[in-house]
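Residue numbers (the working numbering): 7 to 829.
Only one structure is covered here, and it is reproduced in the block below.
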């Protein structure tokens, strides 16, 4: 297959399908150029990531860890998706750190590009999969996002420490990305670019291919041995660069060579603005050069002249104003080199167009040069050299020898400083197996056509599926039915009545339409030009729009809902918000198909639908009107008073009075303390705290409604009512604890931290009002007491350090409070 055909096939797979693609090819086949063109031309919403900072900068993207906020250590299967909380109820998933904008980007993502995939571990790729499924489609590999993996497996491998592999080997056959569970489950194709732009030497290309395929012949090995020239000592004018395995060796060579040059060093400091982490620096922050220094360009020329490219070797010929002059072999003139800019980007959403945009968060400006008598093989990845001396005797990783050899354009431009052993260039067995399978099963145009049809079917099946919406409606209805006694309003009845209709007229009808869609999509006729298919899609969309508005939007328009149970309220409101968002997206997508289905247009609308905030905003529930309340106006006054007081003392509203208590007051109109005693929930304590407030409101209402002040015997006029003092915050926590709430429940109700509530209750332990053994095990009390008496009662941190992880700060605080009172 010709190179152009391979590139065209790859481009079509990316643009017109949702298939996971592994784009590979030996060094110099144009993978980087392909990515650059995608970024400029592809209409899909895409994000580019890479495993290292420098690779990310070179690819014009961000690092995997910074975008997905994944841990650097081993990621075990299910760690991200299923482990949001630990045994103490604390969030231990990295997803807690995600900003809303980051979630929006992921939810609307069409394509994720991962460059330098050879360095990505299998568990890291599975971690990416779990994040995408968390925010997109939980049931599809990579959440349904298309993934383009770019790289050469014969180059640098993933880094795995022995202790990390001891954990990961239980789940993976190898550390390479192709062993990840997500990749194996995905529908994927591998496309290999075969035309080498870097080398024209057919003999050399043959040798490199044999190394890649793990079958280096004796003849080829002998050809390489001829390039072993241990006494080779080129002059600086020859333009050779030494490739070595370790950074210290390369640095030593460069420093020694620079010292040997006459003249004074010129120093150039990079200009760094915004956020640009040191690990992403593309060249030295402090660049030191002399006239005669051998240098390498580390960036392609951004000017229209294109005088240099990344990896070009030259010699510093002088310094002029703000330019460094570099003379390269075969160039008729010196190149005036000026500072270039590298940008550290972050992704954001454009407020108007809703497009994913690249924002510059930092910049690194420096001359695009570095000393180049020697560099590491690692840093040579992606570069091309006319002449190179390779010192790979201590090659320490699979792929390093191949990377070094393949940097050169010709075999004649290559010199081996040390001999190569066949064992040093044998590639990883798992890589060989995967590569052989790849080469034996190249994708064809038929694969492309099939993938396009499958993608169209996936989009339409998702459009007419109501499983997700029905599931959340079912969750919401169950909560409403199970807690009907503590809920006021019409939401319970509306949801219960709508659920069977959603199931029958949306869920079931959508399922029945799937076989028809499958027939149209997998038929030989093009879906876009299939008149019958387009008519059926148009009619189906009109039906589903009508039924969605009728059965789903009707619930969310004029509903009333009220409960004192704040935990329940939060759950119900969360379900309603999710139902509203999913319904809004569904309607926008359905309406886009009222005149038929065009893949590209639909894809754009679907991606932007998430950002149509106006449609997503859930309307506030209408005020609950209880027909059993005799005096609704008074009930509204009581509710307003309760809410304001609860906010003032930072307590849940039911702590002041239950909803039923307010209803009883609005029905019975108690205007004396004795009458108030008959209201359930109003005991002596509450009457002391809030009785005058309630009696005052009831009395004012009776007067306004001309109902008189029946049995009112207050010792003081209502108009001179005393203000109720703000209740002590510790006392509120104590009351809630005595009412049966645990510490975490109290913290949630009061919107305070667990530590704050622990301190409140520890105060009462210190006063002897609460028993210490309710909070700390008796055996632990003895040890904590002993340690505190030794270190000093106030030495909390010292005590914790001495006792270790089996004792918590919380336990020590309670014992501290007890000991203070004992004194």
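For each residue, glycine too, the CB sits at the ideal point set by N, CA and C.
Keep in mind it's a predicted model, so treat the numbers as computed, not measured.
Chain-order list of residues whose beta-carbon lies under 7 Å from that of residue i (same chain, five-residue window excluded)
i           : result
residue 764 : 749, 816 and 819
residue 196 : 28, 30 and 444
residue 662 : 648, 651, 652 and 696
residue 584 : 478
residue 768 : 819, 820 and 823
Nearest to residue i (by Cα), restricted to the options the options
i           : options               : result
residue 473 : 455, 517, 690 and 587 : 517
residue 694 : 169, 180, 679 and 505 : 679
residue 554 : 508, 76 and 469       : 508
residue 771 : 210, 736, 658 and 163 : 736
residue 353 : 114, 272 and 340      : 114
residue 341 : 170, 332 and 348      : 332
residue 57  : 645, 372, 378 and 129 : 129
residue 151 : 236, 53 and 199       : 53
residue 859 : 163, 108 and 154      : What is shown of the chain runs 7 to 829, which leaves residue 859 out entirely.
residue 639 : 703, 383 and 252      : 703
residue 468 : 523, 242, 542 and 165 : 523
residue 366 : 593, 457 and 349      : 349
Coil, strand or helix - residue i by DSSP
i           : result
residue 756 : helix
residue 480 : helix
residue 118 : strand
residue 50  : coil
residue 414 : strand
residue 397 : strand
residue 801 : coil
residue 775 : coil
residue 731 : Here residue 731 scores only 47 on pLDDT, less than 50, and its place in the model is too uncertain to base an answer on.
residue 109 : helix
residue 209 : helix
residue 642 : helix
residue 354 : strand
residue 379 : coil
residue 391 : strand
residue 326 : strand
residue 532 : coil
residue 749 : helix
residue 340 : coil
residue 372 : strand
residue 603 : coil
residue 276 : coil
residue 123 : helix
Residue i to residue j span [Cα, whole Å]
i           : j           : result
residue 597 : residue 82  : 42 Å
residue 69  : residue 60  : 9 Å
residue 415 : residue 231 : 18 Å
residue 2   : residue 135 : In the structure as shown, the chain starts at 7 and stops at 829, and residue 2 therefore has no counterpart that could be examined.
residue 121 : residue 612 : 26 Å
residue 605 : residue 149 : 19 Å
residue 824 : residue 787 : 10 Å
residue 711 : residue 691 : 30 Å
residue 451 : residue 191 : 22 Å
residue 567 : residue 117 : 41 Å
residue 156 : residue 119 : 8 Å
residue 519 : residue 607 : 22 Å
residue 25  : residue 381 : 38 Å
residue 184 : residue 447 : 15 Å
residue 713 : residue 643 : 17 Å
Residues near residue i by beta carbon distance below 6 Å, same chain, minus five either side
i           : result
residue 498 : 486 and 490
residue 298 : 267
residue 803 : none
residue 781 : 820
residue 470 : 516 and 519
residue 581 : 478, 481 and 482
Other residues of its chain near residue i: CB distance less than 8 Å, five sequence neighbours each side excluded
i           : result
residue 212 : 226
residue 145 : 139
Residue-chain proximity (residue i, chain D), Cβ-Cβ < 9 Å
i           : result
residue 550 : The question asks about chain D, but that chain is absent: this structure has only one protein chain.
Let me know the beta strand (DSSP E) ranges lying completely inside the region 448 to 517, each 3 residues or longer, listed in chain order.
-> none
Which runs of the beta strand (DSSP E) fall wholly inside the region 151 to 185 and span at least 3 residues, in chain order?
-> 152 to 156
Residue ranges of each beta strand (DSSP E) within the region 223 to 273, 3 or longer | 247 to 250
Return the chain-ordered ranges of every beta strand (DSSP E) run that is complete within the region 13 to 72 and spans a minimum of 3 residues.
-> 26 to 31 and 52 to 56
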